[in-house]
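In full-length UniProt numbering, the protein residues as written are 1 to 108. Single-structure report; data block below.
Right under this line is the structure:
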């Protein structure tokens, strides 16, 4: 069974590492307890939409990009398709995704 919270945690961790940020830095900027964010990244806790938005802001990444990656991974896990493109959509402003490196995203 695919767990959405696990995919969300994996994606958040991937984006955080891709941007060279520590868990402590992101938790501080998002005003989220370090231990709680760690549990979210490990798929042990469900994050509210408010926490997801705060973490996305701390990562300087649109929440829609994060959730789009989660959606693609779920589709792959469910056998519904393959990743079409590991790129950020053209509709996302370049300054919001500076440093995005799709080759660092987890491969399934």
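No residue lacks a Cβ here, since even glycine has one placed at the ideal position from N, Cα and C.
**Own chain residues within Cβ distance below 8 Å of residue 107, not counting five before or after** = Interpretation of residue 107 is limited by its pLDDT of 48, a score under 50 that renders its predicted location unreliable; no figure is taken from the coordinates.
**Per-residue DSSP class, three states only, for residue 24** = In this structure, residue 24 counts as helix in the three-state DSSP scheme.
**Request:** Count the C-beta pairs between the stretch 68-79 and the stretch 38-58 that are closer than 8 Å, then say yes if the count reaches three, no if not.
**Result:** Taking 8 Å as the limit for Cβ pairs, the verdict is that the stretch 38-58 does not touch the stretch 68-79.
**Request:** Kindly give me the distance between the Cβ atoms of residue 11 and residue 58, rounded to whole angstroms, as I take these residues to be in contact under 8 Å.
**Result:** With a contact defined as Cβ atoms closer than 8 Å, residue 11 and residue 58 miss out at about 14 Å.
**Asked** According to the neighbour-count rule (16 or more other Cβ atoms, all chains shown, within 10 Å of its Cβ), is residue 20 buried or exposed?
**Response** By the 10 Å Cβ count, residue 20 comes out exposed.
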